[in-house]
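Chains as they are written, first to last, in the working numbering: chain A, 2 to 468; chain B, 2 to 468. Note that CB positions come from ideal geometry on N, CA and C, so glycine has one too. Note that the structure is a prediction, hence the values are computed from the model and not measured. Single-structure report; data block below.
2 protein chains.
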Amino acid sequence: MKPILTNMKALFNPRSVAVIGASDNSEKLGFHVMKSLNKGAFSGKVIPLNPGSPEIWGLKAYPFINDYADRIDLAIVVVPAKLVPGVFTECVEKGVKGIVLITAGFKEIDDPAGAKLHKRIADIVNPAGIPVIGPNTFGMINFHANLNASFTPEFSLLKKGNIALVSQSGGISHLLGFLAMRADARFSKIIGLGNRLNVDFAEIIDYLMNDSETGVIMLYMEGIDNPMRFIETVRNHRNKKPVIIYKTGSSEKSDQAAKSHTGSMAGKHEIYKGAFSQAGILLLDSAESLLDTAKAFASSEIPEGPGVAVLSGQAGPGLAACDVCEARGLKIINFEERTQQSINEFLPPLALRTNPVDMGPAWYNASAQSGIIRAVMNDNNVDAILLLIMFASANANLLRKLSEFLTEFKRSIPIISCILAPPGVWDDDIHRLEESGVIVNYPTPEQAARAMAALWEYTKIKRKNNF
Amino acid sequence: MKPILTNMKALFNPRSVAVIGASDNSEKLGFHVMKSLNKGAFSGKVIPLNPGSPEIWGLKAYPFINDYADRIDLAIVVVPAKLVPGVFTECVEKGVKGIVLITAGFKEIDDPAGAKLHKRIADIVNPAGIPVIGPNTFGMINFHANLNASFTPEFSLLKKGNIALVSQSGGISHLLGFLAMRADARFSKIIGLGNRLNVDFAEIIDYLMNDSETGVIMLYMEGIDNPMRFIETVRNHRNKKPVIIYKTGSSEKSDQAAKSHTGSMAGKHEIYKGAFSQAGILLLDSAESLLDTAKAFASSEIPEGPGVAVLSGQAGPGLAACDVCEARGLKIINFEERTQQSINEFLPPLALRTNPVDMGPAWYNASAQSGIIRAVMNDNNVDAILLLIMFASANANLLRKLSEFLTEFKRSIPIISCILAPPGVWDDDIHRLEESGVIVNYPTPEQAARAMAALWEYTKIKRKNNF
Chain A
2 MKPILTNMKA
12 LFNPRSVAVI
22 GASDNSEKLG
32 FHVMKSLNKG
42 AFSGKVIPLN
52 PGSPEIWGLK
62 AYPFINDYAD
72 RIDLAIVVVP
82 AKLVPGVFTE
92 CVEKGVKGIV
102 LITAGFKEID
112 DPAGAKLHKR
122 IADIVNPAGI
132 PVIGPNTFGM
142 INFHANLNAS
152 FTPEFSLLKK
162 GNIALVSQSG
172 GISHLLGFLA
182 MRADARFSKI
192 IGLGNRLNVD
202 FAEIIDYLMN
212 DSETGVIMLY
222 MEGIDNPMRF
232 IETVRNHRNK
242 KPVIIYKTGS
252 SEKSDQAAKS
262 HTGSMAGKHE
272 IYKGAFSQAG
282 ILLLDSAESL
292 LDTAKAFASS
302 EIPEGPGVAV
312 LSGQAGPGLA
322 ACDVCEARGL
332 KIINFEERTQ
342 QSINEFLPPL
352 ALRTNPVDMG
362 PAWYNASAQS
372 GIIRAVMNDN
382 NVDAILLLIM
392 FASANANLLR
402 KLSEFLTEFK
412 RSIPIISCIL
422 APPGVWDDDI
432 HRLEESGVIV
442 NYPTPEQAAR
452 AMAALWEYTK
462 IKRKNNF
Chain B
2 MKPILTNMKA
12 LFNPRSVAVI
22 GASDNSEKLG
32 FHVMKSLNKG
42 AFSGKVIPLN
52 PGSPEIWGLK
62 AYPFINDYAD
72 RIDLAIVVVP
82 AKLVPGVFTE
92 CVEKGVKGIV
102 LITAGFKEID
112 DPAGAKLHKR
122 IADIVNPAGI
132 PVIGPNTFGM
142 INFHANLNAS
152 FTPEFSLLKK
162 GNIALVSQSG
172 GISHLLGFLA
182 MRADARFSKI
192 IGLGNRLNVD
202 FAEIIDYLMN
212 DSETGVIMLY
222 MEGIDNPMRF
232 IETVRNHRNK
242 KPVIIYKTGS
252 SEKSDQAAKS
262 HTGSMAGKHE
272 IYKGAFSQAG
282 ILLLDSAESL
292 LDTAKAFASS
302 EIPEGPGVAV
312 LSGQAGPGLA
322 ACDVCEARGL
332 KIINFEERTQ
342 QSINEFLPPL
352 ALRTNPVDMG
362 PAWYNASAQS
372 GIIRAVMNDN
382 NVDAILLLIM
392 FASANANLLR
402 KLSEFLTEFK
412 RSIPIISCIL
422 APPGVWDDDI
432 HRLEESGVIV
442 NYPTPEQAAR
452 AMAALWEYTK
462 IKRKNNF
């Protein structure tokens, strides 16, 4: 398996990409792959291959790989399954560094011929040490190389960042991608593992742990053949980067379905759960919370203790956040005496001056707000801040003022926020605050609190494992 | 309390509205209330009152209520707390039918003078049977009367529908409103109860149960003085309309804070929980799930049994939905023999032809898709359908074809969906399908499954209570 890892960098960073089965016909996946390379603005060489067309997507096309004289780093394969052994043999001869095999019809089909074909193509590429993403995948995207090697051009609408998404399901990858467009989460890579000919979760983890563009690794898993190899691989990296996971198959029907869908073992959810924790992997329970948590790890510092200050523009969202915090192991601490005194000076004798703080009465007074935040930041009991602000017509200018203060004031502890307004109203301000790393923002107070709890949970798992 | 109920209809459907404390100065709440009435396109008479200005918002203004000769149905009050007793006395003399008291500084402040003032103004309006929304509220909106009697003009961006939101927190009301703009949930009324001078949850429930524009009642609660009165009121209506609730205060800190914030008892969450169930009230655990559930009740039939068919365009989202379904009391049933045969004819021998069904291979074949859906609809084991479809470049036209089929085909059981694409791509199609009542759509498969589970849970609660 070693040579496969060596070639992984070339797989994700090719200078030339051949599309084997490229097409001008929009009913063919080969069309959409060409469109993806185009939309992703890949700056390397793109070589369409198809014996039937001299030109595809305005580029000179070649019948077979050997008809193209220069080197090919990456081959994206979309021809029918029965043609794949021949194509793979040509790829080996040509010396390609990596393959994305989009074609389906291997181990995942009911017919034993599928499993046989699977083994046959593995035997062709394995000796040559060529890593293969797939079969039965939408492909992969390396955002930092502007490489969209998938049949979904729309993935190129996502922004570059440090989250790597590795998924066993195309559907969940698309789900997470489309949610991320709305949530403004930013990716380094999206990788659809498909039926993992020779690149499984373990190989990807080894690669991504040394990938400078990746800061957090999020996984979607249904079931794998060798769970222990995966667990040990992650454990060996001792949480160099956070690994977070969403695994389906907790129910009887989905467990059965996963076995049949992925052609591999799903197995008891409880066993996975324990093993994940021992490897320092954080387990999430939905696609939404997987993405929310990835976003927090991507942009936030990690709290060093469980002490949270809830600073809210309105009482209700503060209470909602407190409920989630306490249910998930965070503590709504009491402020130090000097902090409390300072808050009392800024706020009238309305209720909720203690934690959670209802900053409502100070919303017309930027210096009072910043005074409260500053005081809380300097409180030794406070490890992290939840900042919750709902738009009102009367406080429309609030966020601008608050932004100035927060951007200038160097934050020393994590701030996770729920700042929400009607669509379009505060979007640019929130976006700027997130891009400059001042806050990580969520659409509800509960999501913000859950994200904070996940960061703290991760610290606890690390400490428990002595990482 | 009887006369208060009599006047409630006039409170929400006034022909003339006086804004006591109206202003042209955007730093005053009286400005934003005027703006709301304007933005909401209220067609009745608006009378600004302010002793300092002859004209406000281009309308003739009057110094005091009695200076205005015609009748006043609704008074929205935004003057300082100390002026409220005088204003209320004038309102009684004038014969107003209802009051929205936005002003804060009554029972909720630490100072006993607040509670005293609270009692004093109650004693003025109660004998006259004038219902008061507030004090310490953003106000209320009656969408079907184009009446935005709040200080947030942006609430008028929401669409008319049959969901009534009743909330003890302005912050949570704004949160839910802004989320609803994104989720396309539609409201009959939004009511900020504030500190409930004489209109508490019980009075509102009595009113809304007979309000023809309201189909589902969603509540946000922190704590109330007389929980049993509320519970009995709801129970008396025997689930004529679904009542769903989100209550904070499950944690120690939020419970304490709620007591202090609302000036009333919050109390043990577990006690509330049991009582809610006995009254037929469905308890939700976040703002998001409260809104999601309200949306389902607003537009979907209620499943008559727990049998769900999961029809998915991609396997992963189907597995995610199954996990949620089984964890929450729904059953991923086995299809009847004839249904399974029919599905097997439409799909190739790939895995996942049993429930959950991976319809992926049929996505290029509209008649196969419709055949599968039709077969599943007619299956006696199936009480409801979850339909999960992720956009891909190659299936961009799919939704249009599917829409035609679904719209023509009269559905006999609830269909809840997660149909998701990059922002802007399928929005109009999804919107049309939702508006015509064909589906209720959510951004994740888990949310769709949770909404379905909530509908079934409600059926169970009703049956248990013999409603």
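If the cut is a Cβ gap below 7 Å, which residues of chain A does Arg183(B) touch?
Neighbours of Arg183(B) on chain A, chain order: Pro424.
Return the Cβ separation of Pro136(B) and Asn196(B) in integer angstroms, given the expectation that the two are a contact with Cβ distance under 8 Å.
Indeed they touch by this definition, with Cβ atoms about 5 Å apart.
State buried or exposed for Asn67(A), treating a residue as buried only when at least 16 other CB atoms are found within 10 Å of its CB.
So Asn67(A) counts as exposed.
Pop quiz: Ile103(A) and Ala19(A) are said to be a contact at Cβ under 8 Å. What is the actual Cβ separation, rounded to whole angstroms?
That pair is no contact at about 13 Å.
Any C-beta of chain B sitting closer than 9 Å to the C-beta of Glu253(A)?
With 9 Å as the cut-off, Glu253(A) counts as an interface residue toward chain B.
Rounded to whole angstroms, what is the Cα-Cα separation between Pro15(B) and Ile131(B)?
Approximately 13 Å between the Cα atoms of the pair.
Quick check on Gly289(B): buried or exposed, where buried means 16 or more other Cβ atoms within 10 Å of its Cβ?
A quick correction: the sequence has Glu, not Gly, at residue 289(B). Under this definition Glu289(B) is a buried residue.
For the alpha helix (DSSP H) containing Asn143(B), list its first residue and its last residue.
No alpha helix (DSSP H) contains Asn143(B), which is instead part of the beta strand (DSSP E) from 140 to 143.
Is the number of C-beta pairs between the stretch 283 to 301 of chain B and the stretch 335 to 351 of chain B that are closer than 8 Å three or more?
These segments do not touch.
Residues in the stretch 3 to 37 of chain B with C-beta within 9 Å of chain A's C-beta atoms, listed in sequence order?
Answer set for the stretch 3 to 37 of chain B: Ser27, Glu28, Lys29, Leu30, Phe32, His33, Lys36, Ser37.
Sorted by chain position, which residues of the same chain lie with C-beta nearer than 7 Å to Ala450(A)'s C-beta, five sequence neighbours on each side aside?
Here the set comprises Ala322, Val325, Cys326, Leu387.
Here's a check: name, in chain order, each residue in its chain whose Cβ is nearer than 6 Å to the Cβ of Met9(B), leaving out the five neighbours to either side.
Cβ within range, chain order: Pro132, Tyr208.
Identify the continuous alpha helix (DSSP H) that holds Lys242(A) and give its terminal residues.
Segment: none, Lys242(A) is in no alpha helix (DSSP H) and carries neither H nor E.
Which residues of chain A have a Cβ atom closer than 8 Å to the Cβ of Thr249(B), listed in chain order?
Gly317, Leu320, Ala321, Cys323, Asp324, listed in chain order.
With which residues is Pro49(B) paired in a DSSP beta bridge?
In DSSP, Pro49(B) forms a bridge with Val20(B).
Please classify Lys254(A) as buried or exposed, where buried requires at least 16 neighbouring CB atoms within 10 angstroms.
Lys254(A) is buried by the Cβ-count criterion.
Could you pull out every residue in the same chain whose Cβ sits closer than 8 Å to the Cβ of Asn227(B), ignoring the five residues on either side in sequence?
Excluding positions up to five away in sequence, the list reads Asp201, Ala203.
Would you verify that the beta carbon of Leu158(A) is, or is not, closer than 9 Å to some beta carbon of chain B?
Yes, because at least one Cβ of chain B sits closer than 9 Å to the Cβ of Leu158(A).
CA-CA distance, Ile122(B) and Leu456(A)?
Going from the Cα of Ile122(B) to the Cα of Leu456(A) covers about 49 Å.
From Ile192(A) to Asn396(B), what does the alpha carbon distance come to, in whole angstroms?
So the two alpha carbons sit approximately 20 Å from each other.
Going along the chain, which unbroken runs of the alpha helix (DSSP H) with 4 or more residues stay wholly within the stretch 328 to 366 of chain B?
You should have 338 to 347.
Against chain A, with Cβ distances strictly below 9 Å, would Tyr365(B) count as a contact?
Answer yes: the Cβ-Cβ gap between Tyr365(B) and chain A drops below 9 Å somewhere.
Which whole runs of the alpha helix (DSSP H) in the stretch 34 to 106 of chain A are 4 residues long or more, in chain order?
Listed in chain order, the complete alpha helix (DSSP H) runs (minimum 4 residues) inside the stretch 34 to 106 of chain A are 85 to 95.
For the stretch 169 to 200 of chain B, which residues have a beta carbon sitting closer than 9 Å to at least one beta carbon of chain A?
Those would be Gln169, Ser170, Gly171, Gly172, Ile173, Ser174, His175, Leu176, Gly178, Phe179, Leu180, Met182, Arg183, in chain order.
Leaving out five residues before and five after Ser17(A) in sequence, what residues of the same chain have Cβ atoms less than 7 Å from its Cβ?
Cβ neighbours of Ser17(A) beyond the five flanking positions: Gly45, Lys46, Ile48, Asp71, Arg72, Ile73, Asp74.
Starting from Ala310(A), trace the beta strand (DSSP E) both ways and give me its first and last residue.
Here the beta strand (DSSP E) through Ala310(A) covers 308 to 313.
Considering Cα atoms alone, identify which of Leu389(B), Ala258(B), Ile142(B) is closest to Gln448(B).
Cα-wise, what sits closest to Gln448(B) is Leu389(B).
Mind checking if Pro357(A) is an interface residue toward chain B, Cβ cutoff 9 Å exclusive?
Cβ-Cβ to chain B under 9 Å: yes for Pro357(A).
Leu421(A) touches chain B at which residues, Cβ-Cβ below 9 Å?
The answer, in chain order, is His175, Leu176, Phe179, Leu180.
For Gln279(B), does the count of other Cβ atoms within 10 angstroms reach 16, so buried, or fall short, so exposed?
Exposed is the call here.
Does DSSP classify Ala393(B) as helix, strand or coil?
Three-state DSSP puts Ala393(B) in coil, outside helix and strand.
Check Phe231(B) in the structure and name its three-state DSSP category.
Helix at Phe231(B).
Where Arg230(A) and Phe179(B) are concerned, what is the direct C-alpha to C-alpha distance, given to the nearest angstrom?
For Arg230(A) and Phe179(B), the distance between alpha carbons rounds to 46 Å.
Between which two residues does the alpha helix (DSSP H) carrying Val126(A) extend?
Here the alpha helix (DSSP H) through Val126(A) covers 113 to 126.
What is the C-beta distance between Thr408(A) and Val439(A), in whole angstroms, given that I count them as a contact (C-beta under 8 Å)?
Correct: roughly 6 Å between the Cβ atoms.
Counting C-beta neighbours from all protein chains within 10 Å, is the total for Glu94(B) 16 or more, i.e. buried, or is it exposed?
Exposed: under 16 other Cβ atoms inside 10 Å.
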